[in-house]
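Residue numbers (our numbering): 277 to 785. Reading through the structure tokens given below for one structure.
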Ligand code: BG6
């Protein structure tokens with residue numbers, strides 16, 4: 277992450293990254309085709325890759341280089357089509373050709389020594405750095421790291437740096453995450469490990485720090501004296517799609533909460549760091565995660581709602597219920613929706629509830645943070661208000677329709693004092709050129725230049741799991757599941773969670 281002012285886009289002026297090879301384990305998987313390679317293409321378009329940059333994809337499938345490149349192109353075509361006509365029309369064939377010209381494929385089993393011997397040979401001529409990207413099922417993380425170590429591929433010398441990027445989910449619970457950290461740090465130094473959370477690559481997520489710390493008007497009110505509560509929502513309109521095998525084992529809590537939602541929570545609630553250096557930022561985030569109140573299982577049961585979608589209409593199109601999806605058990609109790617109430621035990625946030633919710637097959641895609649301020653608290657307008665207007669809210673809109681919206685009150689013109697809700701809106705699209713990036717561009721580039729600000733340290737991951745552990749425990753004993761219709765706003769029980777405190781969710785519409 278590179279903080280400069282006075283510029284239109286964050287990536288327009290990137291100097292080329294140092295020379296390196298990116299080795300992708302899991303090269304024929306969804307992540308590589310849909311996200312990693314399109315992000316490399318975007319970086320190549322911006323001339324942010326070194327002229328000698330190379331990609332080596334490793335996978336089980338029998339493919340030659342040409343077959344691999346064809347797969348990547350098919351996946352990229354779908355991605356660009358989904359990003360709209362403009363993204364599709366601006367596709368630059370020579371840039372793609374340049375990237376594919378330095379992309380090769382190595383067929384290999386992640387558990388066999390031979391694969392690493394072949395890889396050693398392929399990397400022998402690389403005088404620069406190497407990034408090993410683990411885009412595989414989590415079960416392979418330890419195995420690959422150990423084999424890389426045994427093959428001497430993690431040794432650094434001079435400009436020959438070696439880094440490892442690890443995707444989520446990082447563990448299934450606190451114990452497995454601690455064990456994974458322990459095993460990894462046996463073979464690779466902590467400062468070589470880049471634990472990725474793609475939410476941190478999103479411009480709007482990085483903008484949370486700028487909104488808070490570059491605008492004194494917000495920060496001076498950003499505490500329990502003025503804020504009534506905070507809502508964090510990551511709603512998706514898609515169902516589980518082709519990922520049922522993964523999702524059945526994972527569920528909404530593990531998939532989204534200790535990682536993506538906690539990153540949003542940390543950005544919105546952390547104290548100002550001493551600087552934007554990687555360690556300064558990560559230390560403050562860690563302190564915040566450490567301050568999340570650890571609930572007893574009984575409290576966790578009270579303060580959580582698990583849901584699962586049934587068939588319905590999403591954006592006018594029929595969607596099957598979760599239990600009817602291919603690969604899902606007909607009596608599955610995996611949650612596709614979760615709502616939680618958390619609190620933070622520190623001076624700034626004592627007494628301010630944080631409500632988090634995430635789910636699939638909801639009415640619309642909407643990721644946002646709502647800062648709900650306290651009422652003005654003065655009886656001045658008691659006589660005049662026909663109906664009490666809502667208190668101020670600041671909405672940090674992460675996606676889509678990215679921006680920042682402040683809902684306030686104004687006098688309706690006329691001889692009487694009447695008050696109406698109005699809104700001050702900032703939309704990215706009105707001020708900056710459209711970006712067709714997924715967030716992976718920033719993160720891959722940052723890893724190449726060795727900037728770890730947007731990556732997670734071992735402790736962040738463990739603190740996240742520690743805070744969700746009571747929910748996992750409570751649900752293992754009494755995991756009531758609340759069904760909701762696909763295309764709805766989620767289970768009614770999630771509304772009750774807030775109604776109990778006299779509050780309600782900001783509508784997804
Ligand atoms: C992934 C989850 O990490 O994030 C998915 O595994 C989810 O289930 C996705 O759909 C959401 O990311 P985004 O960037 O589309 O909001």
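Don't be surprised by glycine CBs; every beta carbon is placed ideally from N, CA and C. Here the structure is a predicted model, which is why all the values come from computation and not from measurement.
- Nearest in C-alpha terms to residue 322, of all of 355, 370, 643 and 645, is 370.
- In the three-state scheme derived from DSSP, where H, G and I count as helix and E and B as strand, residue 728 is classed as coil.
- At the C-beta level, residue 315 and residue 711 stay beyond 8 Å of one another.
- Under DSSP, residue 343 forms no beta bridge with any residue.
- Only residues of its own chain outside the window of five on either side were considered, and among them 407, 439, 441 and 470 have a CB closer than 7 Å to the CB of residue 723, listed in chain order.
- For residue 530, the CB contacts under 7 Å within the same chain, skipping 5 residues up- and downstream, are 445 and 448 in chain order.
- DSSP places residue 772 in no beta strand (DSSP E) but in the uninterrupted alpha helix (DSSP H) bounded by 768–775.
- Around the beta-carbon of residue 501, fewer than 16 other beta-carbon atoms lie within 10 Å, marking it exposed.
- For residue 557, the closest C-alpha among the options 705, 732, 538 and 774 is that of 732.
- In this structure, ligand 1 has no non-hydrogen atom nearer than 7 Å to the beta-carbon of residue 758.
- If you check the C-beta of residue 512 against ligand 1, you find a heavy atom less than 7 Å away.
- If you look at residue 423, you'll find it isn't in any beta strand (DSSP E); it sits in the alpha helix (DSSP H) that goes 417–426.
- Closest in alpha carbon position to residue 550, among 559, 571, 542 and 569, is 559.
- Distances from the CB of residue 643 to the heavy atoms of ligand 1 include at least one below 7 Å.
- Residue 520 sits close to residue 603, with the two beta carbons spaced by under 8 Å.
- Contact between residue 333 and residue 300 holds: their C-beta atoms lie close to 5 Å from each other, under 8 Å.
- Relative to residue 423, the option among 433, 435, 410 and 434 whose CA is nearest is 410.
- Here DSSP, grouped into helix, strand and coil, assigns residue 534 to helix.
- For residue 701, the secondary structure class from DSSP, reduced to helix, strand or coil, is strand.
- By the criterion of at least three beta-carbon pairs nearer than 8 Å, the segment 599–615 is in contact with the segment 632–641.
- The alpha-carbon separation between residue 769 and residue 581 amounts to approximately 7 Å.
- At a Cβ-Cβ threshold of 8 Å, residue 554 and residue 736 do not count as neighbours.
- In this structure, DSSP gives residue 373 a helical state, which the three-state scheme calls helix.
- Here DSSP, grouped into helix, strand and coil, assigns residue 619 to coil.
- CA-CA distance, residue 760 to residue 311, rounds to 30 Å.
- When only Cα atoms are considered, residue 570 and residue 527 end up about 21 Å apart.
- Inter-segment contact for the segment 493–509 and the segment 687–696 is absent: fewer than three beta-carbon pairs are separated by less than 8 Å.
- With contacts defined as CB atoms closer than 8 Å, residue 741 and residue 534 qualify as a contacting pair.
- Checking the 7 Å criterion, the Cβ of residue 474 is within range of a heavy atom belonging to ligand 1.
- Following the DSSP letters along the chain, one finds residue 740 inside the alpha helix (DSSP H) bounded by residues 734–753.
- Residue 408 has 299 and 440 as its beta-bridge partners, per DSSP.
- Pairing residue 375 with residue 317 gives a Cβ-Cβ distance under 8 Å.
- When the Cα atoms are used, residue 676 and residue 354 turn out to be separated by approximately 19 Å.
- Straight through space, the alpha carbons of residue 340 and residue 673 are spaced by roughly 43 Å.
- Proximity of the beta carbon of residue 712 to ligand 1 is not indicated: no heavy atom of the ligand is located closer than 7 Å.
- Taken from the Cβ of residue 531, at least one heavy atom of ligand 1 lies inside 7 Å.
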